[in-house]
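Protein chains in written order, with our numbering: chain A, 74 to 424; chain B, 74 to 424; chain C, 74 to 424; chain D, 74 to 424. Cβ coordinates follow ideal geometry from the N, Cα and C atoms, glycine included.
There are 4 protein chains.
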Amino acid sequence: MNDHGKATGAEPALRAGVIGYGYWGPNLARNFMETPGCTVIGVCDQKESNLARAKSRYPSIFTTTDSGALLAQPGINLVAISTPVSTHHKLALAALRAGKNVLVEKPLASSSTECKDLIREAESRNLLLAVDHTFVFTPAVRKIKQLIEAGELGDVTYYDSTRINLGMFQHDVNVLWDLAVHDLAILDYLFDEKPTSVSATGISHLGNDIENIAFMTLFYPTPLIAHINVNWMSPVKVRHTLIGGSRKMIVYDDIEPTEKVKIYDKGIEIADTVEGVYQLKVSYRLGDMLAPNLDLTEALKAETLHLLDCLQNHKHPLVNGKTGMRIVKILETASRSIRNMGKTERLDHTP
Amino acid sequence: MNDHGKATGAEPALRAGVIGYGYWGPNLARNFMETPGCTVIGVCDQKESNLARAKSRYPSIFTTTDSGALLAQPGINLVAISTPVSTHHKLALAALRAGKNVLVEKPLASSSTECKDLIREAESRNLLLAVDHTFVFTPAVRKIKQLIEAGELGDVTYYDSTRINLGMFQHDVNVLWDLAVHDLAILDYLFDEKPTSVSATGISHLGNDIENIAFMTLFYPTPLIAHINVNWMSPVKVRHTLIGGSRKMIVYDDIEPTEKVKIYDKGIEIADTVEGVYQLKVSYRLGDMLAPNLDLTEALKAETLHLLDCLQNHKHPLVNGKTGMRIVKILETASRSIRNMGKTERLDHTP
Amino acid sequence: MNDHGKATGAEPALRAGVIGYGYWGPNLARNFMETPGCTVIGVCDQKESNLARAKSRYPSIFTTTDSGALLAQPGINLVAISTPVSTHHKLALAALRAGKNVLVEKPLASSSTECKDLIREAESRNLLLAVDHTFVFTPAVRKIKQLIEAGELGDVTYYDSTRINLGMFQHDVNVLWDLAVHDLAILDYLFDEKPTSVSATGISHLGNDIENIAFMTLFYPTPLIAHINVNWMSPVKVRHTLIGGSRKMIVYDDIEPTEKVKIYDKGIEIADTVEGVYQLKVSYRLGDMLAPNLDLTEALKAETLHLLDCLQNHKHPLVNGKTGMRIVKILETASRSIRNMGKTERLDHTP
Amino acid sequence: MNDHGKATGAEPALRAGVIGYGYWGPNLARNFMETPGCTVIGVCDQKESNLARAKSRYPSIFTTTDSGALLAQPGINLVAISTPVSTHHKLALAALRAGKNVLVEKPLASSSTECKDLIREAESRNLLLAVDHTFVFTPAVRKIKQLIEAGELGDVTYYDSTRINLGMFQHDVNVLWDLAVHDLAILDYLFDEKPTSVSATGISHLGNDIENIAFMTLFYPTPLIAHINVNWMSPVKVRHTLIGGSRKMIVYDDIEPTEKVKIYDKGIEIADTVEGVYQLKVSYRLGDMLAPNLDLTEALKAETLHLLDCLQNHKHPLVNGKTGMRIVKILETASRSIRNMGKTERLDHTP
């Protein structure tokens, strides 16, 4: 076993099997391999060429095209699933039934019913079910969370995100499930309150029914609104999020190499007079902009350390089955709203 | 009369009276003053301080706080109205009834009923009724129109615009009427086909019912979708529009000092096989980016020359009452959709 | 006389005559006209078309092609000279001899000898001699000065400026005199210490001996170095200045619409050990970036108010003949260094 | 032996030993490992921790802290040296004497004398001596070379590069040897003509004699000038190069993720009249900007394939000992010029 300089005799606490070694799987494997206390036991993929890639990097690992063979490996205690969404439920269920803790690539599954199923299975077996919503572990999003919790922004009034690029087209889910899913995870992490309804519009240019452009508005109980613009056919890559607050506002640009988060001490002030409502007296406040220094830890490294901590100390993962299900519920409800050309659909968060 | 070096004896063909000398009125006056063949006869504003500003710049002009007095000036043959939207109908109607041609600041009026009224009045009197949708006269939008007409983009698949900044809050209309109105004018100019329905969402943070953030999706008969994101509470100013086409795509960034229009020779290609629809085979095409040189004429100057041409040669203005009414119709329908939380409303373009 | 709402009977304290109404003269005239307590009495230019432009804007003013006629106007108490550099000395001398206070467009004159002459003339007549180095009055440069004086940067270690664009070619001076002059004024304003020597290189592509590209290094008594890169043949406009300090560093980008000054809490730390010099132990400090809010006053407005204050209260202008001469001395010495292909020339600042 | 799917029995043609596995060595090893026809036999580094890193990635390789042991490996036919500059000569000489082909990290050696020595040794033994000036293999620089050779730029008039960042301080060479070296390699590659003299200035803030900021001007036989600005103490990373031509101009920004090369169809035109020289008549030409699509091959991959080709087909490497020596000659001459505060030093390119 690859133990990367760990004390002789000590077995790594996180011993992963990775199912799916296409685009994201290699990142998972690399982090499991390079984080002390963690290792990769085996990799499963349907393509021999992907397995060859994995094997040439990590000659010590077991490779297979048969997920059952991977799940049968007794050394593995965490199965990481990075395959197309439509296969998540079947694979995660099999892994849980094989007694493995599970990390599923986002989104958790194709429907909230599938999610519920997985949650129940994991709970009944007392196994960890985590969802790989990596953005929650980025230094930028972590910093924004801190700022909101410290009251720096005042009351948050809106979240408005543009997440567009050319490709990568998915075959089994629309662009909301591929890109908006990141914003939904960020929203779920940043705010305690959850959206109560959603309106979405979109279009498919591909001759199938899979939307490649979509726009989503989320309504909250408080005067907070969230809007997400996703697009697989943009000539330029944009990752631009505005977070408005009554005291300060944030621009979070994930394309920026270092100054990803900018805090603007700007806002409006509404005169607090009797005639305030009718004779609106709005003035602007212009102040400094601060771009806080962000630590440079790779998000997946932080996530790996968190999973290790959960495994070692029997903790609940931050982004767990319930988180994943809340997000999938919004995705499926929004997809229904698209079919109804924007008609608002209520979000029922009762499990 | 101020004749700016025009041949002695020749009276300018465009002799303007400007009502409203606040934010935009001075730009109208300056262009009328500095364009050969045009002049300003008088300015009307409710504030004496605005009139003093006008008078100190153009000592030769007549100033008044009474719009009736301005309309009574026989020398004036075009009245330019740059006042709050709620006053457009009354002032434009009075001007037409006084026998003046009229240019109205965007949007034309507060409702499509008001617009219809103005169109009828202008037609019955054979007077020009133009709307000041200035963006239609910018070199950038003109270039985009040329590119679309030349087939450079192929079939246009989407238009997606973000137009946000801090302020300027309007007291009588929401942010759609203030900012989205520009995109609606650009869309009306760029595309022959008109939207068939609209879904919009938004929120008011001001304690009144005037939305300061709004999002609008327009559906078209063809697989074209338009989306407009407007916001008076953004810490940063953004004027960013994407126009997707089956052959090329455009990024139009109006904040850029010179390279406002970028044409990307990028796109996707869908394999044209029997199983194409089910077994989607999408590949990406990456090519050069071209930023065409744009002429530097001020849009309002081009618009002034166009109005002069209309007056001299009895032409119909490019952006006329009917244009203005189509746009107002979308704005009022979208505002209704906002009240219904995104429910799509049909757009009826029959006059 | 145009008195812009000043109390009846009170004569403006600054009554300008403007010589040269080409590119910059209109800005001077506009500020003199629009600043309370100031006015423009007359404008002189060799081109009738320029005078016509001035007259149509300000019908009350006196215009002439004869500078002598302007200087003979008794109402004028400040002559602003915005003509080619080679004419500054003759015109300024004539103005001083006519008993007028003088503001000269940058640089003050073609040589330090000419500067000395003007200084002597102004002193002997007790007249104000100011140089229009406008950058010293910009909110950005003022803020940088405050930061340096407050010790925010620690010891300033370098100033490195790139100031390039396409054109505007000057006919009588090289690109240093046209563009580097701004950095020299900023340096003179920011730092009490003055450079002791200069090395410069450059090239002329125009078939004359006027360099259109040049690079200049200034050496100071302390471990401060300044470098200036100027170019009339750049396809893009750049105004980018770095100011390094032992505690913090500044990036000043004058093209940025609002965030012109960015303060980086970054630096290096050198271990203070005996072997420090030989076994260099350098570590990096990475901290936040702050972009302070800058006021939006036009620099020329602030400069006009300063001149008004000087006239009313018999103060010395901040940017006076001596400042102008120090800068011209550097320019002429650097031009000599260019001829010697970078050979360092000593700067003698004794007057 | 690691053979990465190469045909059974076929030995890779490039079998590398890597000396120095700190910052750059891992990139060399990765490319040798992942390029068909190439492999890594062994890695040498003084630090055990670096060797452990290499071994955990590539368990099949031989590791050692003793360079002699590496050179004694008969399987190795190319030794790649990525150690501090001061050690290049000794290590490369030993490798050549052990009969190995050699690739040396830039710059080739500490002095032109050392370079000459290595060139002679390699020639006498008929071994390949290549220098790892990676920028020459980037798609951006390759594209610029093509454009220049195709005459797109007309006569090239200037090259002006800014290459600044915070750190990484070198202990044995100044910032010219660390950063300007890249521009010198690009210049050597782009232009057939070589510079005839150099003027440089700089400063050390570190309490040693190693300049951390430096500026260099290169003079050419034709009206071409090159300027390089390098700095280890900049708060921001800049990689910005302008290349001016009589027909078009290039901005090459290596920080840009995709549009690294922008070609501006801009320039000046000088009236070709008798009085042209005296009565300069310059006009500006403003045209389109084109950002050509660049292929995405990693430069080091292209370089590895080139080395493989040289080994297999007995070709001369593009960036060979003579290239390396021309660059070192400029670096040592420029360092001398710095000591003379910018005094121009002639460059003697006779070998």
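- Distance from the CA atom of K128 (chain B) to the CA atom of T138 (chain B), rounded to whole angstroms, is 13 Å.
- According to the DSSP secondary-structure assignment, L291 (chain D) is paired through a beta bridge with D:V271, D:A299.
- With a threshold of 16 other beta carbon atoms within 10 Å, Y232 (chain A) meets it and is buried.
- Taking a beta-carbon distance threshold of 9 Å, S272 (chain A) counts as an interface residue toward chain B.
- Contact with chain D is absent for M322 (chain B), since none of that chain's Cβ atoms lies less than 9 Å from the residue's Cβ.
- For N366 (chain B), a Cβ of chain D is located within less than 9 Å of the residue's own Cβ.
- Take the alpha-carbon of R409 (chain A) and the one of I286 (chain B): they are about 24 Å apart.
- Burial of I259 (chain C) is indicated by the presence of at least 16 other C-beta atoms within 10 angstroms of its C-beta.
- For P365 (chain C), there is no enclosing beta strand (DSSP E), as DSSP marks it with neither H nor E.
- DSSP places D251 (chain C) in the helix class (H, G or I) of the three-state scheme.
- When C:V303, C:T377, C:Y131 are compared, the shortest CA-CA separation from A407 (chain C) is found for C:V303.
- With a contact defined as Cβ atoms closer than 8 Å, H278 (chain B) and T314 (chain A) miss out at about 18 Å.
- Here Y94 (chain A) is not bridged, per DSSP, to any residue.
- For G90 (chain C), the closest alpha carbon among the candidates C:V158, C:A83, C:L169, C:S122 is that of C:L169.
- Listed in chain order, the non-local C-beta contacts of V152 (chain A) below 6 Å within the same chain comprise G90, A168, K173, V175, local neighbours out to five positions each way being set aside.
- For P330 (chain A), the nearest CB of chain D lies under 9 Å from its own CB, placing it at the interface with that chain.
- From the beta-carbon of L363 (chain D), the residues of chain B found nearer than 9 Å are D361, M362, L363, A364.
- Under the 8 Å Cβ criterion, the region 359-379 of chain A counts as touching the region 210-217 of chain A, having at least three qualifying pairs.
- Per DSSP, N123 (chain B) lies in no beta strand (DSSP E) segment; the continuous alpha helix (DSSP H) that holds it begins and ends at 121-130.
- Here DSSP, grouped into helix, strand and coil, assigns G397 (chain B) to helix.
- The Cβ atoms of K339 (chain C) and R312 (chain C) lie no closer than 9 Å to each other.
- In this structure, N366 (chain B) sits near M362 (chain D), with a CB-CB distance shorter than 9 Å.
- Within its own chain, the residues whose Cβ lies closer than 6 Å to the Cβ of I336 (chain D), once the five positions on either side in sequence are excluded, are K321, I323, L363, listed in chain order.
- Closest option to Q243 (chain A), judged by alpha-carbon separation, among A:N281, A:L144, A:D251: A:D251.
- Contact check for L201 (chain A) against I400 (chain A) fails: the beta carbons are separated by 9 Å or more.
- In this structure, DSSP gives H379 (chain C) a helical state, which the three-state scheme calls helix.
- Against chain B, the beta carbon of D233 (chain A) has neighbours under 9 Å at T235, I237, I286, F288, N302, N304, S307, listed in chain order.
- F292 (chain D) places its beta carbon less than 9 Å from that of V271 (chain D).
- Boundaries of the beta strand (DSSP E) around R312 (chain A): 306-318.
- Contact with chain D is absent for P147 (chain A), since none of that chain's Cβ atoms lies less than 9 Å from the residue's Cβ.
- DSSP, reduced to helix, strand and coil, places V246 (chain B) outside both helices and strands of the structure shown, so it counts as coil.
- In this structure, T269 (chain B) sits away from I411 (chain B), with a CB-CB distance that is not shorter than 9 Å.
- Contact annotation: L143 (chain B) and A165 (chain B) have beta-carbon atoms that are not nearer than 9 Å.
- Secondary structure note for L220 (chain A): its alpha helix (DSSP H) is the uninterrupted segment 212-222.
- Just so you know, the alpha carbons of I154 (chain A) and L87 (chain A) end up roughly 15 Å apart.
- Spanning the alpha carbons of I217 (chain A) and R198 (chain A) requires a straight line of approximately 35 Å.
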